[in-house]
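Undergrad: This is the structure I want to talk about, given as structure tokens.
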Amino acid sequence: MKTNSRRSSRNAWRRGALVFLFACVGLGLLFSVRGGMAAVGGVIFSPIVSVRAWLWESGGAVPVYFRTRHSLDEQIIALEDELRRTADDAWQVRQLQAENEELSALLGFRKETYITAGVLSRPNQTPYDTFLIDRGMEDGIVENAIVYVEDNAVGSVIRVYAHSALVLLVSAPGVHTTAYLTGPKIFVQGEGKGGGVLRLSVPQGIPLAEGDVALLPGAGRGAYGKVVHMESLSSNPEQYAYVTTSIPLSAVRFVHVAKEPASHISYEEALEAVTAAPTALFQVEVPPEAHVAATSTPEAPPEEAPAQ
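For our numbering, add 58 to where a residue sits in the sequence shown, where the first one is 1.
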């Protein structure tokens with residue numbers, strides 16, 4: 059038994075010695091490999107670092123050429139960016155010039171009586187039927203001033219700020235106005251229905267036609283638009299004529315604003331205003347023979363006799 063225990067002890071000591079020996083050998087190999095890798099890395103990257111320093115710091119012809127070419131490439135990229143920005147600026151300048159020419163033409167329209175303003179927002183961008191314009195109290199805009207789109211009276215100023223104003227259009231829902239229809243030549247009551255539409259209430263039996271012009275005598279001058287649709291029910295004592303402006307409100311860019319607020323006028327003054335307003339639009343005086351020539355069948359030219 060004692061012999062076996064001594065043998066087991068010696069075997070255990072040998073195994074421990076072998077493990078220690080292998081551990082030392084492994085650590086030695088590990089450190090040698092890391093050192094070798096560091097040496098290899100130094101061998102590989104040292105030329106790269108040297109070449110980079112040579113290119114960026116040396117005064118030789120090749121490094122100077124390389125640095126000059128690199129600098130020129132950067133300048134070319136910067137100049138191309140600046141050229142694109144300049145092209146964008148030039149396009150904006152052309153747009154502003156076009157708007158300025160249009161505005162200048164509009165300013166020639168009775169500038170002593172009206173203020174020309176640009177439209178900042180319009181229906182579909184503002185609630186109900188309203189305009190927000192870029193002229194305000196500092197520019198002479200006053201409340202209750204009539205607003206025109208070309209020759210069409212479309213609304214009045216209801217709010218004035220320092221450099222802007224809010225315009226309520228006669229087509230806004232719930233807005234009531236007095237209109238004059240040039241076809242039947244009668245005064246009627248109008249109500250805004252939104253979307254640039256003004257509905258006129260006309261007694262039954264009075265003839266209406268599409269294209270009849272609706273004047274707004276309370277605005278002093280100008281028409282609102284033309285009748286584009288009629289609606290009549292036998293059970294209703296009234297028939298309706300729907301009027302819209304010739305220019306869609308969503309396309310309006312400039313308006314004319316009266317310098318003075320609107321004042322109440324009498325019936326006689328309204329009648330005088332509509333009598334002086336033009337009722338014949340785009341008409342041409344055509345002689346009677348022209349109608350005959352335009353509607354008759356042209357005669358065939360005489361046949362020529364065959365040559366002998």
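The C-beta atom is built at its ideal place from N, Cα and C for all residues, glycine as well.
Note that this is a predicted model, so its numbers are computed, not measured.
So with Cβ pairs under 8 Å, would you call Ser222 a contact of chain C?
TA: No chain C appears in this structure, which consists of one protein chain only.
Undergrad: From the DSSP output, which residues share a beta bridge with Glu289?
TA: Looking at the DSSP assignment, Glu289 forms a beta bridge with Tyr298.
Undergrad: Would you please state the rounded distance, in angstroms, between the beta carbons of Pro306 and Gly250? I believe it to be under 8 Å.
TA: At roughly 16 Å, the Cβ-Cβ gap does not stay under 8 Å, so Pro306 and Gly250 are not in contact.
Undergrad: Give a yes or no on whether the C-beta atoms belonging to Pro295 and Pro265 are separated by under 8 Å.
TA: Against a cut-off of 8 Å, the Cβ pair of Pro265 and Pro295 comes out as no contact.
Undergrad: Would you list the residues sitting across from Ser204 in a DSSP beta bridge?
TA: Note on residue identity: the sequence assigns Ile, not Ser, to residue 204. Answer is Ser214, bridged to Ile204.
Undergrad: Excluding the five sequence neighbours on either side, which residues of its own chain have a C-beta within less than 6 Å of the C-beta of Val202, listed in chain order?
TA: Going by the sequence as given, residue 202 is Asn instead of Val. Once the five neighbours on either side are set aside, the close Cβ partners of Asn202 are Ser214, Pro319 and Ala320.
Undergrad: When you compare the CB positions of Leu273 and Ala281, do they come within less than 8 Å of one another, or not?
TA: Yes, these two residues count as a Cβ contact at 8 Å.
Undergrad: In the DSSP output, what is Thr392 paired with across the bridge?
TA: Within the shown structure, residues of the chain are numbered from 59 to 366, placing residue 392 beyond reach of any answer.
Undergrad: In angstroms with no decimal places, state the Cα-to-Cα distance between Ala175 and Lys284.
TA: Whole-angstrom Cα-Cα distance: 25 Å.
Undergrad: When you compare the CB positions of Ile199 and Val228, do they come within less than 8 Å of one another, or not?
TA: No; because the gap between Cβ atoms is not below 8 Å, this pair is not in contact.
Undergrad: Below 8 Å between beta carbons: does that hold for Val310 and Val205?
TA: Against a cut-off of 8 Å, the Cβ pair of Val205 and Val310 comes out as no contact.
Undergrad: Between Val286 and the rest of its own chain, which residues show a CB-CB distance below 8 Å, the 5 nearest in sequence each way excluded?
TA: Glu268, Tyr300, Val301 and Thr302.
Undergrad: Is the Cβ-Cβ distance between Thr184 and Leu226 less than 8 Å?
TA: Result no, Cβ atoms of Thr184 and Leu226 do not sit closer than 8 Å.
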